[in-house]
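Okay, so here's the structure we're looking at.
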Amino acid sequence: MKQDPSIYDGLSLNYAEKRYTGKVDSYIKYIFTTRRSILTGFFKEVLNKIEKPSVFEIGCADGVLARFLRQQFPEQIGHFVGVDISSEMIKLALSARIVDADFYLRDQLNPDFEASDVVMEVGVHTGDWSSEIAYWRQHLKPDGFLIKSVAGRQSIYARLKLYDRDYYQDYSSYREYEKIFNQDFDIIATKSYGIFIPKIWRWPALARPIQMFFDQVLVWFPELYHERVYLLKKR
Ligand SMILES: C[S@@+](CC[C@H](N)C(=O)[O-])C[C@H]1O[C@@H](n2cnc3c(N)ncnc32)[C@H](O)[C@@H]1O
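Numbering (this note's numbering) for the sequence shown: 253 to 487.
Structure (structure tokens):
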């Protein structure tokens, strides 16, 4: 299933603020901030291997992660390019004037655009895996790294809350995602998060430590986690 750009046009105002700013007081905010923190850790690993890597981000929204990574790793990241399907998001990303960063509508980027050391695509739904992997490969240098997050079909959250959404049909188990990744990439690292515990986020101060505890201890039940981030290396 393809995402409708108008949905994200509508969400563009306050996109970053709602998901990343202030206290983590909801499950969704926990998912976004945890995903970002795992991404940051994987980025550190890449920086140990590649000096000043260039980055290509698919689904860059308003440039929120570009801005964050520039702040976290000043002078350590090379040219940053972001693409998105939402024109409103791209307008906001461009207006943020992030250092050494360009943003384009996905369809308007020249297919011969130069490849990058890192491709990242997090928080973005994938419907057609073969065309998406071809797109990653086109934008990734040989020996480049890919950071991708996916949502699990058997997660508690998906089974309780998302089973009736159209896009749920595109979800797979982590085992299935790994079969897909293993065809073109080596899996360097993975991290899962977001075991859903109904109702706890009504009490955010209590919920956060409980959520983190369950995310740490339920590793024997990997398919129950809602999301997983992968650090992959092109073969
Ligand atoms: C949930 S947001 C995630 C944004 C950012 N990566 C983050 O983690 O905060 C999803 C973004 O991906 C964009 N998007 C959805 N499908 C896309 C696709 N196939 N290619 C590029 N961008 C896409 C949406 O317009 C939206 O801005």
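For each residue, glycine too, the CB sits at the ideal point set by N, CA and C.
Spatially closest choice to residue i from the options, by CA coordinates
| i | options | result |
| --- | --- | --- |
| Tyr-477 | Ala-313, Val-402, Glu-384, Glu-309 | Val-402 |
| Leu-317 | Val-469, Ile-432, Tyr-267 | Tyr-267 |
| Arg-292 | Lys-451, Leu-361, Ile-329 | Looking at the sequence itself, residue 292 is Thr, so the reference to Arg does not match. Cα-wise, what sits closest to Thr-292 is Ile-329. |
| Ser-306 | Ile-408, Ile-447, Phe-332 | Phe-332 |
| Glu-303 | Glu-327, Gln-323, Phe-320, Phe-284 | Glu-327 |
| Lys-451 | Val-371, Leu-412, Asp-416, Ser-425 | Leu-412 |
| Trp-453 | Ile-280, Glu-269, Ser-264, Leu-263 | Ile-280 |
| Met-341 | Gln-323, Glu-479, Ala-459, Ile-259 | Ile-259 |
| Ile-337 | Arg-358, Ile-385, Val-374 | Arg-358 |
| Trp-388 | Ser-407, Tyr-409, Val-335 | Val-335 |
| Gln-324 | Arg-405, Ser-289, Ser-264, Gln-463 | Ser-289 |
| Arg-322 | Leu-299, Leu-470, Asp-261, Tyr-426 | Leu-299 |
| Lys-393 | Lys-485, Gln-463, Arg-287 | Lys-485 |
| Phe-320 | Lys-343, Ala-348, Ser-339, Lys-301 | Ala-348 |
| Arg-460 | Thr-286, Leu-263, Leu-265 | Thr-286 |
| Asn-408 | Pro-257, Leu-265, Pro-363, Glu-479 | One detail in the question is off: residue 408 reads as Ile in this sequence, not Asn. Nearest C-alpha to Ile-408: Glu-479. |
| Ser-425 | Gly-404, Ile-462, Val-471 | Gly-404 |
| Met-372 | Glu-269, Cys-312, Leu-458 | Cys-312 |
| Glu-430 | Leu-470, Val-469, Asn-362, Pro-474 | Pro-474 |
| Leu-361 | Val-370, Leu-344, Ser-339 | Ser-339 |
| Asp-395 | Ser-368, Tyr-420, Asp-314, Ala-410 | Ser-368 |
| Glu-384 | Val-471, Trp-472, Ile-310 | Ile-310 |
| Ser-444 | Val-471, Asp-422, Leu-265, Pro-257 | Val-471 |
| Pro-363 | Ala-386, Val-370, Val-469 | Ala-386 |
| Lys-301 | Val-481, Glu-428, Val-370 | Val-370 |
Same chain only: Cβ atoms within 7 Å of residue i, ignoring 5 sequence neighbours per side
| i | result |
| --- | --- |
| Lys-254 | Gly-379 |
| Leu-483 | Phe-294, Glu-297, Phe-397, Ile-399, Ile-440, Ala-441 |
| Ile-432 | Trp-381 |
| Leu-206 | For the chain, the structure presents residues 253 to 487; residue 206 sits outside this window and is missing. |
| Asp-261 | Ser-338, Ser-339, Glu-340 |
Expected contact under 8 Å - CB spacing of residue i and residue j to nearest Å
| i | j | result |
| --- | --- | --- |
| Phe-308 | His-391 | 5 Å |
| Trp-467 | Gly-446 | According to the sequence as given, residue 467 is Asp; it is not Trp. Contact flag correct, Cβ pair sits at about 7 Å. |
| Ala-410 | Tyr-420 | 6 Å |
Close Cβ partners of residue i (< 8 Å) along its chain, the five nearest in sequence each way excluded
| i | result |
| --- | --- |
| Pro-456 | Lys-275, Val-276, Asp-277, Ser-278 |
| Phe-284 | Arg-271, Tyr-272, Gly-375 |
| Arg-487 | Asp-436, Phe-437, Asp-438 |
| Ile-462 | Ile-449, Ile-452 |
| Gln-406 | Ser-425, Glu-475, Leu-476 |
| Asp-314 | Ser-264, Tyr-267, Ala-268, Met-341, Leu-344, Ala-345, Ala-348 |
| Asp-422 | Met-253, His-377, Thr-378, Gly-379 |
| Arg-427 | Glu-475 |
| Phe-465 | none |
| Leu-458 | Ile-452 |
Own chain partners of residue i with C-beta closer than 6 Å, once the 5 adjacent residues on each side are dropped
| i | result |
| --- | --- |
| Glu-366 | none |
| Leu-414 | Tyr-420 |
| Pro-219 | The displayed coordinates of the chain run from 253 to 487. Any statement about residue 219 would go beyond what the structure contains. |
| Tyr-356 | Val-335 |
Report yes or no: do three or more beta-carbon pairs, one from the region 378-386 and one from the region 351-360, lie closer than 8 Å?
-> no
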